[in-house]
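Under the working numbering, think of the first position of the sequence shown as 18, with each following residue one higher.
Glycine included, C-beta positions come from ideal geometry on N, C-alpha and C.
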Amino acid sequence: MKQDIKSMTLAEMTQALNDMGQPAFRAKQIYTWLHKGVTDFAEMTNLSKELRAKLDETYYITAPKVARKQRSQKDGTVKYLWELGDGNCVETVLMQYHHGNTVCISSEVGCPMGCKFCASTLGGLVRRLQPSEILDQVLFTALDSGLPISNIVLMGIGEPLDNFDHVMRFLELVNSPEGMNIGMRHISLSTCGLVPRIDELAEKKLQLTLSVSLHSPDDASRSAIMPINRKYPVDVLLDACRRYFEKTGRRVSFEYTMIDGVSDSPEQAELLASKLHGLAAHVNMIPLNPVAESPLRPSTRQAVARFQKILEGHGIPATVRRSLGGDIDASCGQLRRKYVKESEKTEGTAWTHGD
Numbered sequence: 018m019k020q021d022i023k024s025m026t027l028a029e030m031t032q033a034l035n036d037m038g039q040p041a042f043r044a045k046q047i048y049t050w051l052h053k054g055v056t057d058f059a060e061m062t063n064l065s066k067e068l069r070a071k072l073d074e075t076y077y078i079t080a081p082k083v084a085r086k087q088r089s090q091k092d093g094t095v096k097y098l099w100e101l102g103d104g105n106c107v108e109t110v111l112m113q114y115h116h117g118n119t120v121c122i123s124s125e126v127g128c129p130m131g132c133k134f135c136a137s138t139l140g141g142l143v144r145r146l147q148p149s150e151i152l153d154q155v156l157f158t159a160l161d162s163g164l165p166i167s168n169i170v171l172m173g174i175g176e177p178l179d180n181f182d183h184v185m186r187f188l189e190l191v192n193s194p195e196g197m198n199i200g201m202r203h204i205s206l207s208t209c210g211l212v213p214r215i216d217e218l219a220e221k222k223l224q225l226t227l228s229v230s231l232h233s234p235d236d237a238s239r240s241a242i243m244p245i246n247r248k249y250p251v252d253v254l255l256d257a258c259r260r261y262f263e264k265t266g267r268r269v270s271f272e273y274t275m276i277d278g279v280s281d282s283p284e285q286a287e288l289l290a291s292k293l294h295g296l297a298a299h300v301n302m303i304p305l306n307p308v309a310e311s312p313l314r315p316s317t318r319q320a321v322a323r324f325q326k327i328l329e330g331h332g333i334p335a336t337v338r339r340s341l342g343g344d345i346d347a348s349c350g351q352l353r354r355k356y357v358k359e360s361e362k363t364e365g366t367a368w369t370h371g372d
């Protein structure tokens, strides 16, 4: 069977080319071509025809297709539905800020975590993405949009730490000076709270930003909306965050969805402030973005403002995230696995929800 060449590191590629009797500089040439978005070995014009033929016999190059592209009329946010090589689809969002262009990418097809406020988990987990498929979202979004990508957030479909090894390989690839060369400090990784994986990530001492999806400071309400809390309760999760800071020196960002009557009471704000006391942390408050299948509703502006005031009164930095792409279901919690019907692939029109 052919191997996925784009998921290989430069060192691995160098060894593979050495085994073929090729000099090391050939590996660098191939690696550079791949990270420029070449989709066929025939396009690698500085390689011999014989080498290109040998590569084509041994490897394949991943390249997603744009199944659908939507642009927000409100803020210019662009949402891509990428069709992968096996026909599965994932979503990627491109957001433009004054400080640069940020891409929100997926790490899995579907999600196994079952959070009640998130569309990504409705169909469960189908499969985990390969490192190349995660990288392709960044690479081909840049190529299609014509915009340089300066920041990456792993906050799309899937739980990144559930696909730990492939995500770590992706980070190595996208950070590579010979590739897209996006610095770790420009990358945020979101998790719902897989404590053993947080500890494993801490050991790597990467300079990325860890974003923990907390969404409630008490076990009763958090377990009701996030099943993972039954395995790793709030205090266990926060202890892991403290260990992460001690190992890396990197402040932890806490994602906190403001849900009416669930996570937005003054008592919960006080409890959150007390639990985060002494921890280098920032709270990113996110007014809930509606999901059609969920009965949950966003907090009122007054409740959000009150919650923020309480946190700041206790010295906890807290900001309210500006919602982008809401008119195209591209906001936080709204991305979902979709598939394209065979009859629609050639028409390039509608898409439907996955089951």
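To which residues of the same chain is residue i closer than 7 Å at the C-beta, ignoring the five residues directly before and after it?
i	result
S24	Q147, P148, S149 and R186
M37	K71
G117	S167 and N168
A219	R260, Y261, K264 and T265
R69	F58, A59 and M61
G131	T138 and P244
S311	K133 and F134
H203	S167, N168 and I169
Along the chain, where does the alpha helix (DSSP H) that runs through residue i open and close?
i	result
D219	Reading off the sequence shown, one finds Ala at residue 219, where the question assumed Asp. First-last of the alpha helix (DSSP H) with A219: V212 to K221.
S149	P148 to S162
H183	F181 to N192
E329	R318 to G330
R339	Per DSSP, R339 belongs to no alpha helix (DSSP H) and is neither H nor E.
K66	K66 to T75
K45	A41 to L51
T31	L27 to D36
S24	Counting along the chain, S24 falls outside any alpha helix (DSSP H), and DSSP gives it neither H nor E.
R239	D236 to I242
Should residue i be counted as a contact of the ligand FAD given a C-beta to heavy atom distance under 7 Å?
i	result
E329	Ligands are entirely absent from the displayed structure, and the ligand FAD is therefore not among its contents.
Can you give me the start and stop residues for the beta strand (DSSP E) that residue i sits inside?
i	result
Y249	From DSSP, Y249 is part of no beta strand (DSSP E); its letter is neither H nor E.
Q285	Looking at the DSSP string, Q285 is not in any beta strand (DSSP E); the run it does join, the alpha helix (DSSP H), is P283 to L293.
V269	V269 to M275
E108	C106 to Y114
R88	K82 to R88
L206	I204 to T208
A298	A298 to P304
G93	No beta strand (DSSP E) contains G93, which DSSP labels as neither H nor E.
R144	L142 to R145
E125	E125 to G127
V170	N168 to L171
S228	T226 to S230
C121	G117 to C121
Between the C-alpha atoms of residue i and residue j, what's the straight-line distance to the nearest angstrom?
i	j	result
Q39	A33	9 Å
D21	M201	24 Å
E60	Q87	30 Å
R144	F181	13 Å
V321	P165	34 Å
M243	C209	8 Å
A257	V212	6 Å
L111	T79	20 Å
Y48	Y249	40 Å
R43	D179	34 Å
T119	P81	19 Å
S193	T226	18 Å
N246	L142	19 Å
H331	A286	10 Å
G371	C128	Residue confidence for G371 is low, a pLDDT of 31 falling below 50, so the modelled location carries little weight and cannot support an answer.
Q319	E29	55 Å
T75	N35	14 Å
I345	Q325	Its pLDDT being 49, under 50, I345 is placed unreliably by the model, and the measurement read from it follows with that caveat. Roughly 28 Å between the two C-alpha positions.
H183	R214	13 Å
Anyone know if the C-beta pair for residue i and residue j falls short of 8 Å?
i	j	result
E5	L27	Because the chain spans 18 through 372 in this model, residue 5 falls outside it and cannot be assessed.
L223	L255	no
R268	M302	no
R300	I333	Sequence check: residue 300 is Val here, not Arg. Yes, Cβ-Cβ distance for V300 and I333 is below 8 Å.
G383	Q113	Shown here, the chain extends from 18 to 372; a query on residue 383 therefore has no answer.
E176	E125	yes
A297	L328	no
I174	I151	no
P316	D281	Rather than Pro, the amino acid found at residue 316 in this sequence is Ser. Yes, Cβ-Cβ distance for S316 and D281 is below 8 Å.
G278	F157	no
M197	V155	yes
K133	L313	yes
T336	L305	no
S162	V95	yes
T56	A41	no
Going by beta carbon distance, what residues of the same chain come within less than 6 Å of residue i, once the five residues before and after it are set aside?
i	result
L51	K23
L293	I333
V308	A136
Y77	K19
Output needed for residue i: all residues of its chain with C-beta closer than 8 Å, excluding positions within five of it in sequence on either side, in chain order.
i	result
V251	L231, S233, P234, D235, D236, R239 and K292
Q46	M61, N63 and L64
L160	G54
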